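Q: Before we start, here is the structure in question, set down as structure tokens.
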Amino acid sequence: MTENQKAPAKRADDGTIFIGKKPTMSYVLAAITQFGNSDEIRIRARGRSISTAVDVAEVLRGRFMKDVKNTVSIGTDEVTDKDNRKLRVSTINISMKK
């Protein structure tokens, strides 16, 4: 992969799109592609990526798929950092169905 090419958005086999540091439209494109394969997708994010996950869901709902239904769940995960300290990280799961 050259430095001008970007890796596709990370997806799990079950229709889950994990949100990270890429631009919002990269995830929107991945979600549209995933909707071509199934009737349901899940958008998952943690920490600072939560706002990007919400943006992806809203762009999908507002511009591309107006009839999609979404369910949102929020929570907290405990992760251990490199110094073996336990940290709490906010999470969001957005399920979208045609």
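Those letters in the sequence shown? Residues 151 to 248, per the numbering used here, in order.
A virtual CB, placed ideally from N, CA and C, is assigned to each residue, including glycine.
These figures come from a predicted structure and were not determined experimentally.
1) For T166, which residues does DSSP report across the bridge?
2) Can A207 and I224 be called in contact, C-beta distance under 7 Å?
3) Please determine, among K248, T174, N187, L179, the residue with the shortest C-alpha to C-alpha distance to N220.
4) Taking the C-alpha atoms as reference points, what is the distance between F168 and D233?
5) Report the three-state DSSP secondary structure of V218 (helix, strand or coil).
6) Count the other CB atoms within 10 Å of the CB of V178; is the residue buried (16 or more) or exposed (fewer)?
A: In short:
1) According to DSSP, T166 bridges with R192.
2) no
3) K248
4) 25 Å
5) coil
6) buried
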